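A.B. asks:
In the working numbering, the protein residues as written are 29 to 97.
Below you can see the structure in the form of structure tokens.
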């Protein structure tokens, strides 16, 4: 995940992906009819990393289909 730091030419990056990524949610929402399912935005997962989600088993394990980002 990378974030802009205002008007300065500086970018702050971290290695841990967020469990909830608003841009991905928006992209998935736009494709909802084609996909046949809806992505949810659960506030209790905000601030959690993808690693947290895997370790705490906060979703399905080993899905049959992957979503490419």
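C-beta atoms are modelled at their ideal positions from N, C-alpha and C, and glycine is treated no differently. Here the structure is a predicted model, which is why all the values come from computation and not from measurement.
Does the beta-carbon of residue 84 have 16 or more other beta-carbons within 10 angstroms, so that it is buried, or is it exposed?
C.D. replies: Along the chain shown, one-based indexing puts residue 84 at 56. Classification for residue 84: exposed.
A.B. asks: Are the CB atoms of residue 44 and residue 77 within a distance shorter than 9 Å?
C.D. replies: Residue numbering aside, residue 77 sits at position 49 when the chain shown is read from its first letter. Residue numbering aside, residue 44 sits at position 16 when the chain shown is read from its first letter. It is a contact, given that the beta carbons lie within the stated cut-off.
A.B. asks: Rounded to the nearest angstrom, how far is the Cβ of residue 100 from that of residue 81, given a contact under 8 Å?
C.D. replies: This structure gives no information on residue 100, because the portion of the chain shown stretches from 29 to 97.
A.B. asks: Could you tell me the alpha carbon to alpha carbon distance between residue 68 and residue 96, rounded to whole angstroms?
C.D. replies: Counted from its first residue, the chain shown places residue 68 at position 40. Counted from its first residue, the chain shown places residue 96 at position 68. Between residue 68 and residue 96, the C-alpha separation is close to 17 Å.
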